[in-house]
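In my numbering, the protein residues as written are 11 to 224. Structure record follows, encoded as structure tokens.
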Amino acid sequence: MKPHVSAGYVLMLVLVACSRPLSPDQQRERYREDGWTAYRAGNFTEAETKFRQAAELDSRDGAAQLGMVWSLIRQDRLASALTTIGRISSQDPAYLHATAASAIIFDAQGQHGEALLAARTVLSQDSLYVFPHDDRITWRTMCYVAGKSSLILAPVADPDLSRTMAYLERVDEEPPVVRDDPTTWYAAGIRYATLTAVLAKRLEAVFYAQVARR
Numbered sequence: 011m012k013p014h015v016s017a018g019y020v021l022m023l024v025l026v027a028c029s030r031p032l033s034p035d036q037q038r039e040r041y042r043e044d045g046w047t048a049y050r051a052g053n054f055t056e057a058e059t060k061f062r063q064a065a066e067l068d069s070r071d072g073a074a075q076l077g078m079v080w081s082l083i084r085q086d087r088l089a090s091a092l093t094t095i096g097r098i099s100s101q102d103p104a105y106l107h108a109t110a111a112s113a114i115i116f117d118a119q120g121q122h123g124e125a126l127l128a129a130r131t132v133l134s135q136d137s138l139y140v141f142p143h144d145d146r147i148t149w150r151t152m153c154y155v156a157g158k159s160s161l162i163l164a165p166v167a168d169p170d171l172s173r174t175m176a177y178l179e180r181v182d183e184e185p186p187v188v189r190d191d192p193t194t195w196y197a198a199g200i201r202y203a204t205l206t207a208v209l210a211k212r213l214e215a216v217f218y219a220q221v222a223r224r
């Protein structure tokens, strides 16, 4: 005869199991999950808090530091985001995503040499790069940063515009505009409008330089 197990006893076991404290690794994972949930909901201050709590449990947690980076970026605290990127080891899986973030930050700050280097690094390691937590940040974003930086740094970096045009060919001609984005400097429509304006000025300069040499 099988022993009878009451529903109350089963419920008690479930409650006991659920009441067990999380291990430090489990708690860090919970904080990171809560952080990205808040990030996707647009609660960037709360997201920063959650990622910071995870990082306080282990400062070597690159995933937590990366979450903090993007939470700071979305609050337009770019200097703090760059400082946080510096805490991520180059051996950490999060480092490539941190490099993509630094390309965007450098572009926003007008540090075009650094932006070009970071964007090229990302594209060389993943030519179809997509940030897993925000799919608006892709290889097209990196091509935009690289193309714009090449234009601005020309004629020293790219006198015949060949490298620049190679990047521009990979940027959508009419990408969708990201509405209600507090950091509009990387919204797709803004990116393309800025890029075409810079390209027009650069091509005009090349044209007049050629005319002057005739």
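The beta-carbon is built from N, C-alpha and C at its ideal position, and this holds for glycine as well.
Query, Result
"Ala125 versus Pro31 - alpha carbon distance", "44 angstroms"
"Alpha carbon of Tyr154 to alpha carbon of Glu58, nearest angstrom", "27 angstroms"
"Residue closest to Tyr139, alpha-carbon to alpha-carbon, out of Arg130, Thr131, Trp149", "Trp149"
"Start-to-end residues for the alpha helix (DSSP H) that takes in Pro34", "34–50"
"Distance CB(Gly77)-CB(Phe54) smaller than 8 angstroms", "no"
"Validate contact between the region 101–118 and the region 82–91 using beta carbons, cut 8 angstroms, 3 pairs", "yes"
"Ile98 vs Gly72 beta-carbon contact at 8 angstroms", "yes"
"Contact check, His107 vs Trp46, beta carbons under 8 angstroms", "no"
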